[in-house]
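Trainee: Each residue of the sequence shown is one higher than the one before, starting from 15 at the first, in the working numbering.
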Amino acid sequence: MDKKIKKSVLNGVGSLFISLLFLGCSDKKIDDLSVGDSSKPGIRAVVPRTALPGNHVIISGVNFGDDRSKIKVMFGDQAAEIVNYSPGRIEAIVPAQTEAGYAKIKLEVGEEQSNQYYFTFGFTQPSIDSLTRAYIGDPVDIMGSGFGNLEENTTVTFDGDTADLLLVTDTLVRALSPQLGESIAMDVRVDVGPNQSNVRRFSYLDNLYSNPVVAQSLPDPTLIKAEDGFFYLYATEDIRNTPIMKSSDLVNWERVGTAFTDATRPTFEPNGGLWAPDARYINGKYVLYYSMSVWGGEWSCGIGVATASNPTGPFTDHGPLFRSNEVGVQNSIDPCFIEDNGRNYMMWGSFRGIYLIEMSEDGLSVKEGAEKQQVAGTYFEGVYIHKKDGYYYMFASIGSCCAGINSTYQLVVGRSTSLAGPYYNRSGFNMMNNGRTLVIDRNDSFVGNGHCSQIVQDDAGKDWILYHGVRTSDPSGRVLMLDQIKWDQDGWPYVEGGSPSRATYAPVFNAVLN
15 MDKKIKKSVL
25 NGVGSLFISL
35 LFLGCSDKKI
45 DDLSVGDSSK
55 PGIRAVVPRT
65 ALPGNHVIIS
75 GVNFGDDRSK
85 IKVMFGDQAA
95 EIVNYSPGRI
105 EAIVPAQTEA
115 GYAKIKLEVG
125 EEQSNQYYFT
135 FGFTQPSIDS
145 LTRAYIGDPV
155 DIMGSGFGNL
165 EENTTVTFDG
175 DTADLLLVTD
185 TLVRALSPQL
195 GESIAMDVRV
205 DVGPNQSNVR
215 RFSYLDNLYS
225 NPVVAQSLPD
235 PTLIKAEDGF
245 FYLYATEDIR
255 NTPIMKSSDL
265 VNWERVGTAF
275 TDATRPTFEP
285 NGGLWAPDAR
295 YINGKYVLYY
305 SMSVWGGEWS
315 CGIGVATASN
325 PTGPFTDHGP
335 LFRSNEVGVQ
345 NSIDPCFIED
355 NGRNYMMWGS
365 FRGIYLIEMS
375 EDGLSVKEGA
385 EKQQVAGTYF
395 EGVYIHKKDG
405 YYYMFASIGS
415 CCAGINSTYQ
425 LVVGRSTSLA
435 GPYYNRSGFN
445 MMNNGRTLVI
455 DRNDSFVGNG
465 HCSQIVQDDA
475 GKDWILYHGV
485 RTSDPSGRVL
495 MLDQIKWDQD
505 GWPYVEGGSP
515 SRATYAPVFN
525 AVLN
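Right under this line is the structure:
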């Protein structure tokens with residue numbers, strides 16, 4: 015065996031033996047303070063009792079005297095530098111390590127000597143008691159013990175990523191909080207050499223959120239801001255009878271019921287499911303358009319309408335507006351109501367063309383004599399129209415929505431200067447020929463992202479959409495996602511990075527709601 019390695023191993027074994035010996039002795043001094051002259055200087059505690067040269071230790075006790083010049087702190091035969099002194103408390107710097115790996119600490123006060131305390135040379139054992147919250151990039155104070163005083167021996171990690179250090183003392187480490195990554199809360203740990211502390215949870219002070227905002231399956235979301243100031247969301251019935259969720263800020267949601275019961279749910283499609291609703295407020299009523307379909311029932315499915323006096327219902331079903339075989343459009347699902355220049359319209363369709371038709375004033379029926387018009391091709395479903403700066407933006411989804419981890423859903427957009435089209439993508443290709451511009455694609459965390467809600471503007475003037483996605487870590491459902499829609503200099507919408515955010519700044523809503 016290499017001599018240096020052999021020596022290191024022997025020293026390590028020796029240090030371990032000494033440490034175990036000390037543990038057996040607990041905090042007992044070599045010289046018991048209860049014996050002898052009570053006027054002699056006496057050491058009651060040394061903290062920490064294990065540290066490396068250059069670290070600071072605190073020595074507390076009695077009868078140290080008032081004259082600092084008469085006091086020496088001895089580690090065996092080595093004098094330690096005193097950096098702070100008050101009667102009964104001395105802060106000293108650990109001197110060079112002894113060959114044995116331990117030393118006996120004593121005080122010399124003039125001609126008097128104290129009892130002795132065993133001390134071992136080595137890395138301290140860090141322990142976190144608490145830590146502060148902070149804004150992104152600001153200092154975080156980590157309080158505890160055993161951090162040592164040497165920055166070169168100390169590492170702070172947030173979810174495994176090393177942080178920049180600003181200050182290291184035995185009881186306080188100050189580090190910069192990291193830039194926002196994939197989480198708004200992180201595990202913090204302090205390492206001193208090979209010794210690891212316990213883990214504490216850190217969270218930012220910033221107004222942040224992470225996706226998904228609801229982890230249960232809520233596909234094809236639609237929402238409305240009700241008269242009480244709250245947002246109410248409705249979704250495809252992965253929760254039977256069309257779930258209703260409530261929120262004041264688009265981030266924190268609670269389930270408040272269902273739009274229907276087994277006794278009141280629509281029945282025009284036997285064994286049909288309630289899919290892809292669209293919520294509106296028309297003439298003092300909450301109006302819920304819904305799709306009713308079974309897989310493969312593309313000529314029997316249809317779009318119905320229900321109304322309520324409150325956003326939580328109960329909703330009264332008024333039956334179908336039309337079915338596929340009646341209106342002559344295969345796969346007539348995914349309704350989108352639009353009010354434009356005082357007139358009401360319905361846009362709908364799913365991979366068999368997107369169509370537009372005028373509705374009655376109360377929105378509860380198709381206007382008598384109205385004719386349907388195709389406005390987009392066969393790649394699209396789940397459309398939503400947003401009017402902005404003289405354009406009609408058609409948000410739509412393409413690909414497979416419901417194949418779990420293999421879902422290929424994407425959110426796309428085109429725009430027109432007229433509700434009836436023609437709609438073009440950014441490069442000028444007509445949506446009738448399936449031209450489109452990508453808004454939200456997949457990433458490592460989420461796939462199958464699409465079927466967005468209406469756009470909501472927060473109190474800071476920022477635009478937000480809800481949509482569904484599939485977690486790659488748990489592809490069992492289509493969870494509720496939230497992202498900010500931004501607009502480039504040419505007026506085209508996008509989300510930052512072109513895919514779902516993991517963690518980011520939350521919408522701003524200043525109203526306090528009860």
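Every residue gets a Cβ at the ideal spot worked out from N, C-alpha and C, and that includes glycine.
#1: Can you give the Cα-Cα distance for Thr236 and Leu186, rounded to whole angstroms?
#2: Please name the residue, chosen from Gly151, Ser141, Asp152, Leu194, that lies closest to Thr169 on a Cα-to-Cα basis.
#3: What are the start and end residues of each continuous beta strand (DSSP E) run of 3 or more residues lying completely inside the segment 370-445, in chain order?
#4: Let's test the definition: count the other Cβ atoms within 10 Å of the Cβ of Tyr295 and tell me whether it reaches 16, buried, or not, exposed.
#5: For the segment 271-347, list the beta strand (DSSP E) runs that are entirely contained and at least 3 residues long, ordered along the chain.
#6: Flag this pair as yes or no: are the beta carbons of Gly454 and Ile469 separated by less than 8 Å?
#7: Grab the span of the beta strand (DSSP E) containing Trp478 for me, first residue to last.
#8: With a threshold of 16 other CB atoms inside 10 Å of the CB of Asn221, please say whether the residue is buried or exposed.
#9: When the Cα of Ser374 is compared with those of Leu335, Gln387, Asp205, which residue comes out closest?
#10: Tell me the DSSP bridge mates of Gln498?
#11: Find the nearest neighbour of Val213 within the set Val227, Gly174, Leu232, judged by alpha-carbon distance.
#12: Distance, Cα to Cα, Glu126 vs Leu145?
#13: Terminal residues of the continuous beta strand (DSSP E) containing Phe351?
#14: Going by beta carbon distance, what residues of the same chain come within less than 6 Å of Lys476, once the five residues before and after it are set aside?
#15: Please classify Ile419 as buried or exposed, where buried requires at least 16 other C-beta atoms within 10 Å of its C-beta.
#16: Grab me the residues of Asn448's own chain with a C-beta within less than 6 Å of its C-beta, minus the 5 sequence neighbours each way, in chain order.
#17: Note down the Cα distance separating Pro62 from Ile107, rounded to an integer number of angstroms.
#18: Please state the DSSP three-state secondary structure of Gly464.
#19: Please go through the same chain and pick out, in chain order, the residues whose beta-carbon is closer than 7 Å to the beta-carbon of Ala474, but skip the five residues on each side of it.
#20: Which of the three DSSP states, helix, strand or coil, is assigned to Arg456?
#21: Would you tell me roughly how many angstroms separate the C-alpha atoms of Asn25 and Ala114, rounded to the nearest one?
#22: Do you know how far the Cα of Ile258 is from the Cα of Gly271?
#23: What residues in its chain sit with their C-beta under 8 Å from that of Thr183, if we drop five residues either side in the sequence?
#24: Under 8 Å, do Met445 and Val227 count as touching if we go by C-beta distance?
#25: Do Phe351 and Asp292 have their C-beta atoms within less than 8 Å of each other?
#26: Looking only at its own chain, which residues have a Cβ that is under 6 Å from the Cβ of Val397, when we skip the five neighbours before and after it?
#27: DSSP has Phe86 in a bridge; who is on the other side?
#28: Does the contact criterion of 3 or more C-beta pairs under 8 Å hold for the segment 456-470 versus the segment 431-442?
#29: Do you know offhand how far Glu4's Cα is from Leu194's?
#30: Closest to Asp403 by C-alpha separation, out of Phe135, Ser430, Glu395, would be which residue?
#31: If I follow the unbroken beta strand (DSSP E) through Phe133, where does it start and stop?
#32: For the candidate residues Arg203, Cys416, His400, whose alpha-carbon lies nearest to that of Val427?
#33: What is the DSSP secondary structure of Asn167, counted as helix, strand or coil?
#34: Drop a sphere of 10 angstroms on the beta-carbon of Asn98, count the other beta-carbons inside from all chains shown, and report buried for 16 or more, exposed for fewer.
#35: Count the other CB atoms within 10 Å of the CB of Lys43; is the residue buried (16 or more) or exposed (fewer)?
#36: Look at the Cβ atom of Phe13, then the Cβ atom of Pro55, and state whether they are nearer than 8 Å.
Mentor: Taking the structure as given:
#1: By one-based count along the sequence shown, residue 236 stands at place 222. By one-based count along the sequence shown, residue 186 stands at place 172. Approximately 49 Å between the Cα atoms of the pair.
#2: Position 155 of the sequence shown holds residue 169. The option with the nearest alpha carbon to Thr169 is Ser141.
#3: Listed in chain order, they are 387-390, 395-402, 405-412, 424-430.
#4: Reading the sequence shown from its first residue, position 281 is the one you call residue 295. By the neighbour-count rule (16 or more Cβ atoms within 10 Å), Tyr295 is not buried but exposed.
#5: List check, beta strand (DSSP E) in window: 287-296, 299-307, 316-322, 330-337.
#6: On the sequence shown, position 440 is the one that residue 454 refers to. On the sequence shown, position 455 is the one that residue 469 refers to. A small correction: the amino acid at residue 454 is Ile; Gly does not occupy that position in the sequence shown. Against a cut-off of 8 Å, the Cβ pair of Ile469 and Ile454 comes out as no contact.
#7: As a working mapping, residue 478 is identified with position 464 in the sequence shown. Note, Trp478: beta strand (DSSP E), 477-485.
#8: Translated into the one-based positions of the sequence shown, residue 221 becomes position 207. With fewer than 16 other CB atoms across the displayed protein chains lying within 10 angstroms of its CB, Asn221 is exposed.
#9: To locate residue 374, count along the sequence shown from 1; it is residue 360. Measuring from the Cα of Ser374, the nearest candidate turns out to be Leu335.
#10: In the sequence shown, residue 498 corresponds to position 484, counting from 1. Partner(s): Trp478.
#11: Here the question's residue 213 lines up with position 199 in the sequence shown. The alpha carbon of Val213 has as its nearest neighbour, out of Val227, Gly174, Leu232, the alpha carbon of Gly174.
#12: Position 112 of the sequence shown, counted from the first residue, corresponds to residue 126. Position 131 of the sequence shown, counted from the first residue, corresponds to residue 145. Approximately 42 Å, taken between the alpha carbons.
#13: What you label residue 351 is simply residue 337 of the sequence shown in a count that begins at 1. Taken as a continuous stretch (DSSP letters only), the beta strand (DSSP E) holding Phe351 covers 350-354.
#14: By one-based count along the sequence shown, residue 476 stands at place 462. The answer, listed in chain order, is Gln498.
#15: As a working mapping, residue 419 is identified with position 405 in the sequence shown. Under this definition Ile419 is an exposed residue.
#16: By 1-based counting over the sequence shown, the position of residue 448 is 434. In the same chain as Asn448, and ignoring 5 residues on each side of it, the C-beta atoms closer than 6 Å to its own belong to Gly391, Tyr393, in chain order.
#17: One-based indexing of the sequence shown puts residue 62 at position 48. One-based indexing of the sequence shown puts residue 107 at position 93. Each residue's alpha carbon lies about 12 Å from the other.
#18: Indexing the sequence shown from 1 puts residue 464 at position 450. In the three-state DSSP reduction, Gly464 falls in the strand class (E or B).
#19: Taking the first residue of the sequence shown as position 1, residue 474 is located at position 460. Non-local beta-carbon contacts of Ala474 in its own chain, meaning distances under 7 Å to residues more than five positions away in sequence, involve Val522 in chain order.
#20: Taking the first residue of the sequence shown as position 1, residue 456 is located at position 442. Coil at Arg456, not helix or strand.
#21: Numbered from 1 along the sequence shown, position 11 holds the residue referred to as residue 25. Numbered from 1 along the sequence shown, position 100 holds the residue referred to as residue 114. Bear in mind that the predicted position of Asn25 carries a pLDDT of just 42, short of 50, making it unreliable; the figure below should be weighed with that in mind. C-alpha separation (whole angstroms): 7 Å.
#22: Taking the first residue of the sequence shown as 1, we reach residue 271 at position 257. Taking the first residue of the sequence shown as 1, we reach residue 258 at position 244. In a straight line, the C-alpha of Gly271 is about 5 Å away from that of Ile258.
#23: In the sequence shown, residue 183 corresponds to position 169, counting from 1. Apart from the 5 residues on each side of it in sequence, Thr183 sits with its Cβ closer than 8 Å to the Cβ of His70, Phe161, Asn163 in its chain, given in chain order.
#24: Counting from one through the sequence shown, the residue named residue 445 turns up at place 431. Counting from one through the sequence shown, the residue named residue 227 turns up at place 213. No. Outside cutoff.
#25: Sequence index remark: in the sequence shown, residue 351 carries index 337 (1-based). Sequence index remark: in the sequence shown, residue 292 carries index 278 (1-based). Going by C-beta atoms, Phe351 is nearer than 8 Å to Asp292.
#26: Taking the first residue of the sequence shown as position 1, residue 397 is located at position 383. Counting only residues of its own chain and dropping the five nearest sequence neighbours on each side, Val397 has a CB closer than 6 Å to the CB of Cys350, Met361, Ile368, Met408, Ala410.
#27: Working through the sequence shown from its first residue, we reach residue 86 at position 72. The residue asked about is misnamed: residue 86 is Lys in this sequence, not Phe. BP columns for Lys86 point to Glu122.
#28: Here the segment 456-470 makes no contact with the segment 431-442; the two share fewer than three CB pairs at distances below 8 Å.
#29: Here the chain has residues from 15 to 528 only, and residue 4 is not among them.
#30: As a first step, residue 403 must be located in the sequence shown, where it is residue number 389. For Asp403, the nearest C-alpha among the options comes from Ser430.
#31: Against the sequence shown, residue 133 aligns to sequence position 119. Where Phe133 is concerned, the enclosing beta strand (DSSP E) starts and stops at 131-135.
#32: Taking the sequence shown and counting its residues from 1, one reaches residue 427 at position 413. Closest by alpha carbon: His400.
#33: By 1-based counting over the sequence shown, the position of residue 167 is 153. Note: Asn167 maps to helix in three-state DSSP.
#34: In the sequence shown, the residue the question calls residue 98 occupies position 84. It is exposed - the Cβ of Asn98 has fewer than 16 other Cβ atoms within 10 Å.
#35: In the sequence shown, the residue the question calls residue 43 occupies position 29. Because Lys43 carries a pLDDT of 43, less than 50, the predicted location of this residue cannot be relied on, and the following value inherits that uncertainty. Within 10 angstroms of the beta-carbon of Lys43 lie 16 or more other beta-carbons, which makes it buried.
#36: In this structure the chain extends from 15 to 528, so residue 13 is not present and cannot be described.
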